[in-house]
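Structure record follows, encoded as structure tokens.
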Amino acid sequence: MTQPGSSDDISRLNGSGRAPISLGERLVANGCITSQELELALRRQRSQSDAAPNMHRVGRTLVDMGLLSQASLLDCLYRQFAAERDAYQVSSRQQDAVIRLEQVVKILDGRRVLDAVDLAIPANRITAIIGMSGGGKSVILKHMVGLMKPDQGTVWVGDQPLGRLSNRALNEVRRRFSLLFQGGALFDSMSVFDNVAFPLREKTNLPETEIRDRVVRSLEQVNLVGMEGKYPDELSGGMMKRAALARALVTDPEILLLDEPTAGLDPIIENAIHHLICDTFMRTRYTMVVISHAVPEIFKWCHHVIALHRGKVLFSGPSREVNGSRDPVIRQFIHGDLDGPIQVI
Ligand SMILES: Nc1ncnc2c1ncn2[C@@H]1O[C@H](COP(=O)(O)OP(=O)(O)OP(=O)(O)O)[C@@H](O)[C@H]1O
Ligand SMILES: [Mg+2]
Numbered sequence: 004m005t006q007p008g009s010s011d012d013i014s015r016l017n018g019s020g021r022a023p024i025s026l027g028e029r030l031v032a033n034g035c036i037t038s039q040e041l042e043l044a045l046r047r048q049r050s051q052s053d054a055a056p057n058m059h060r061v062g063r064t065l066v067d068m069g070l071l072s073q074a075s076l077l078d079c080l081y082r083q084f085a086a087e088r089d090a091y092q093v094s095s096r097q098q099d100a101v102i103r104l105e106q107v108v109k110i111l112d113g114r115r116v117l118d119a120v121d122l123a124i125p126a127n128r129i130t131a132i133i134g135m136s137g138g139g140k141s142v143i144l145k146h147m148v149g150l151m152k153p154d155q156g157t158v159w160v161g162d163q164p165l166g167r168l169s170n171r172a173l174n175e176v177r178r179r180f181s182l183l184f185q186g187g188a189l190f191d192s193m194s195v196f197d198n199v200a201f202p203l204r205e206k207t208n209l210p211e212t213e214i215r216d217r218v219v220r221s222l223e224q225v226n227l228v229g230m231e232g233k234y235p236d237e238l239s240g241g242m243m244k245r246a247a248l249a250r251a252l253v254t255d256p257e258i259l260l261l262d263e264p265t266a267g268l269d270p271i272i273e274n275a276i277h278h279l280i281c282d283t284f285m286r287t288r289y290t291m292v293v294i295s296h297a298v299p300e301i302f303k304w305c306h307h308v309i310a311l312h313r314g315k316v317l318f319s320g321p322s323r324e325v326n327g328s329r330d331p332v333i334r335q336f337i338h339g340d341l342d343g344p345i346q347v348i
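Quick note, the sequence shown lines up with residues 4 to 348 if you use my numbering.
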């Protein structure tokens with residue numbers, strides 16, 4: 004059985020074909036700690052437990068040992084992401100896009116919710132989709148996993164056109180995804196443990212011991228250890244979001260779609276969730292799509308931004324460019340002005 008965070012586990016390749024990089028390795032590579040300090044922390048973990056040292060939790064051990072403050076730990080991890088984000092360039096090569104919508108039209112209740120949408124989601128990057136409420140963001144996400152079908156146009160995942168796939172082939176494609184629905188949608192009648200285990204029990208034939216390992220590891224990643232037995236109505240809003248995130252992560256997806264993971268949370272928890280998403284990305288290199296109203300904060304936490312308005316893509320490009328956009332709709336949306344081309348009342 005693989006121990007959570009063991010070297011076997013850490014060197015396992017994920018769906019993108021790139022080796023996940025553990026927190027400890029990143030901290031050393033980033034110059035935040037020395038390899039001797041990392042070794043000290045791992046030795047301390049070994050002395051406290053018989054289990055293999057946990058490279059994902061090494062940050063907490065370093066903080067406990069006084070080798071790093073919590074703030075500098077987060078800052079260090081963020082700086083590494085920021086450097087990568089600022090160097091990000093949009094690629095014109097089609098194979099760098101993992102999902103593409105080509106001239107997608109969707110009419111709902113007689114309204115053209117998606118109006119000839121063309122967009123590309125870059126592989127192994129974080130993309131944020133922003134836009135006014137009711138602008139079609141969640142509808143786009145549902146098209147990406149084939150939960151909604153376009154009236155016109157094509158949705159591609161890799162080189163597969165979803166509309167032309169058999170149900171079986173579509174299910175295979177869906178296995179590559181995990182979706183955090185808007186609102187989290189935990190099952191009220193299930194404990195946190197059973198909620199997180201649910202997709203594994205539904206989609207895999209894994210033995211219960213392996214399921215337990217994976218659930219524990221997933222809860223560990225979102226800092227919810229010890230909450231396994233709680234029910235959703237015993238959790239705070241932030242804990243529910245984290246539990247829903249653990250459920251999305253537990254299947255080790257190649258593509259993670261998050262619909263408003265920070266909606267309704269206070270700024271501190273919002274910040275913590277952004278750190279968590281960023282940390283998950285740095286560790287796993289999943290392709291991530293995050294729908295968010297947290298503008299302009301979300302621009303710090305993604306490589307690519309797609310701005311949607313009235314069913315059309317207004318902007319698609321590196322996050323560092325969106326603040327400088329001259330489009331009056333984007334400017335009004337970012338600054339939250341009541342005056343401007345978007346009529347609110
Ligand atoms: N199943 C459906 N049947 C009919 N209309 C729908 C359906 N789903 C979405 N719509 C409509 O499509 C439009 C876009 O909805 P969507 O949920 O994508 O908005 P959104 O951009 O995600 O908004 P928000 O930021 O508030 O979540 C809305 O007018 C909504 O009422
Ligand atoms: Mg929505």
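Backbone N, C-alpha and C define an ideal beta-carbon position, used for all residues, glycine too.
Minimum C-alpha distance to residue i - residue among the options
i: Arg29; options: Met243, Ser52 and Arg60; result: Arg60
i: Glu273; options: Ala297, Lys233 and Ser221; result: Ala297
i: Leu65; options: Glu231, Thr37 and Val195; result: Thr37
i: Lys349; options: Arg171, Arg167, Gln185 and Arg177; result: The first residue shown for the chain is 4 and the last is 348, placing residue 349 beyond what the model contains.
i: Ala246; options: Glu211, Met193, Arg286 and Tyr289; result: Met193
i: Ala90; options: Asp342, Pro321 and Met68; result: Pro321
i: Leu26; options: Asp112, Gln83 and Arg47; result: Gln83
i: Leu70; options: Asp53, Leu45, Lys233 and Tyr81; result: Leu45
i: Leu122; options: Pro202, Lys315, Arg329 and Asp53; result: Lys315
i: Tyr81; options: Ser95, Ile124, Cys35 and Gln98; result: Cys35
i: His277; options: Val31, Asp78 and Met68; result: Asp78
i: Glu237; options: Pro210, Asp191, Leu209 and Glu223; result: Asp191
i: Arg171; options: Ala188, Gly149, Ser52 and Glu324; result: Gly149
i: Gly232; options: Lys145, Val31, Arg88 and Asp197; result: Asp197
i: Leu279; options: Glu223, Met230, Ser319 and Glu324; result: Glu223
i: Gln98; options: Gln335, Met285, Thr207 and Gln163; result: Gln163
Residue j beta carbon less than 8 Å from that of residue i
i: Leu173; j: Leu182; result: no
i: Val292; j: Val253; result: no
i: His307; j: Arg63; result: no
i: Asn326; j: Ile309; result: no
i: Ser221; j: Val195; result: no
i: Gly339; j: Pro331; result: no
i: Arg179; j: Pro264; result: no
i: Leu261; j: Met242; result: no
i: Gly138; j: Arg313; result: yes
i: Thr212; j: Ile258; result: no
i: Leu189; j: Pro235; result: yes
Presumed contact (8 Å Cβ cut-off) between residue i and residue j, rounded CB distance
i: Ala131; j: Cys305; result: 4 Å
i: Leu317; j: Ile333; result: 6 Å
i: Asn133; j: Ile271; result: For the record, residue 133 in the displayed sequence is Ile; it is not Asn. Actually they do not touch by this definition, with Cβ atoms about 22 Å apart.
i: Ala126; j: Ala100; result: 7 Å
i: Lys244; j: Leu268; result: 6 Å
i: Ile143; j: Val176; result: Their Cβ separation, rounded to whole angstroms, is 16 Å, which puts Ile143 and Val176 out of contact at 8 Å.
i: Ile214; j: Trp159; result: Going by Cβ atoms, the distance from Ile214 to Trp159 rounds to 33 Å, so no, they are not a contact pair.
DSSP bridge partner residues for residue i (one or two, in chain order)
i: Lys109; result: Leu117
i: Arg103; result: Ala123 and Trp159
i: Met291; result: Ile129 and Leu259
i: Ile309; result: Ile132 and Ser319
i: Phe180; result: Ile258
i: Pro164; result: Trp159
beta-carbon residue i near ligand 4 non-hydrogen atom, thresh 7 Å
i: Leu104; result: As presented, the structure is devoid of ligand 4, carrying ligand 1 and ligand 2 as its sole ligands.
Q: Say whether the stretch 98-112 touches the stretch 145-162, bearing in mind that this needs 3 or more beta-carbon pairs closer than 8 Å, one atom from each stretch.
A: Because the criterion of three Cβ pairs below 8 Å is met, the stretch 98-112 and the stretch 145-162 touch.
(Q) Is it the case that the stretch 109-119 contacts the stretch 234-248, given that we only count it when at least three CB pairs across the two stretches are under 8 Å? (A) no
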